[in-house]
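Add 187 to a position in the sequence shown, counting from 1, and you land on the number used in my numbering.
Idealized CB from N, CA, C, for every residue including glycine.
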Amino acid sequence: MMEKLVMKKTYFSSLDAPRQVANDVLHSLHRYELLTEEAMWVELAVFELVTNVYEHAYNRVDGLDFSTSVYTLYGQANLSPKIKILVSDKGIGMEMSVFESHINKRIDNAKILGISSLETSGRGLMLVNHLMDDIHYQSKGGLNTFTIIKQLS
Numbered sequence: 188m189m190e191k192l193v194m195k196k197t198y199f200s201s202l203d204a205p206r207q208v209a210n211d212v213l214h215s216l217h218r219y220e221l222l223t224e225e226a227m228w229v230e231l232a233v234f235e236l237v238t239n240v241y242e243h244a245y246n247r248v249d250g251l252d253f254s255t256s257v258y259t260l261y262g263q264a265n266l267s268p269k270i271k272i273l274v275s276d277k278g279i280g281m282e283m284s285v286f287e288s289h290i291n292k293r294i295d296n297a298k299i300l301g302i303s304s305l306e307t308s309g310r311g312l313m314l315v316n317h318l319m320d321d322i323h324y325q326s327k328g329g330l331n332t333f334t335i336i337k338q339l340s
């Protein structure tokens, strides 16, 4: 499978960073004419991952650097490309067992609207897992990286 870098950028943690990164990622993919639904899914997934970096890896501290990379993956000639997005930070890592429990979590609908829904729950990672075709996490050498992949229509 061939991989082509579409965007690589360093950002600084802030409350506004998730929106900025999501917008930049969508802009970098404009030439691929994503369906409206695909664009919304990608935007929301990136927003959730960057929010996770800000809230959990960096404990809501502004000004800490993280990076986002976007690639297109080409396989067979008759298939649309896949997109691969990496979000990497140097903050507090997550245990693999916690990551796996979050992406495999089922949430009780009654709790979504309650006060308990404001607590750390893994809903963001669960949502990303449902929106994307694949999600991976690695924490190695002080670098934490989320990788998400989506097949385009």
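- For the set Q338, H317, I279, S340, the Cα lying nearest the Cα of K327 is the one of I279.
- The beta carbon of S288 sits closer than 8 Å to the beta carbons of G309 from its chain, once the five residues preceding and following it are set aside; these are given in chain order.
- Approximately 6 Å separates the beta-carbon atoms of V315 and L236; this is inside 8 Å, confirming the contact.
- Per the C-alpha coordinates, the member of Y198, D203, L260, I322 positioned closest to M283 is I322.
- If you check the CB distance, S267 and L213 do not come in under 8 Å.
- For L330 and Y324, the gap between their C-alpha atoms comes out near 11 Å.
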